[in-house]
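S.K.:
Residue numbers (the working numbering): 1314 to 1366.
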């Protein structure tokens, strides 16, 4: 049973390692899309707070 479990874990590891750059690329693209919008949101909130106070 241990052999079967190890074989499954090894298969998952190799599959993850093979598609690792795809995940990194997707993460970088997602961060590149999300971060500017977060910065714009923070700046707009700061501007609103400055106008109110």
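Where a beta carbon is used, it is the ideal one built from N, C-alpha and C, also for glycine.
By DSSP, does residue 1340 sit in helix, in strand, or in coil?
M.R.: The residue you call residue 1340 lines up with position 27 of the chain shown. The answer is helix: DSSP assigns residue 1340 an H, G or I state.
S.K.: Considering only residues of the same chain and omitting the five flanking positions on each side of residue 1340, which have a CB-CB separation below 8 Å?
M.R.: The residue you call residue 1340 lines up with position 27 of the chain shown. So the list is empty, once near-sequence residues are dropped.
S.K.: Quick one: residues in its chain with C-beta nearer than 8 Å to the C-beta of residue 1347, no 5 flanking neighbours on either side, listed in chain order?
M.R.: Position 34 of the chain shown, counted from the start, is the residue given in the question as residue 1347. Cβ within range, chain order: n/a, list empty.
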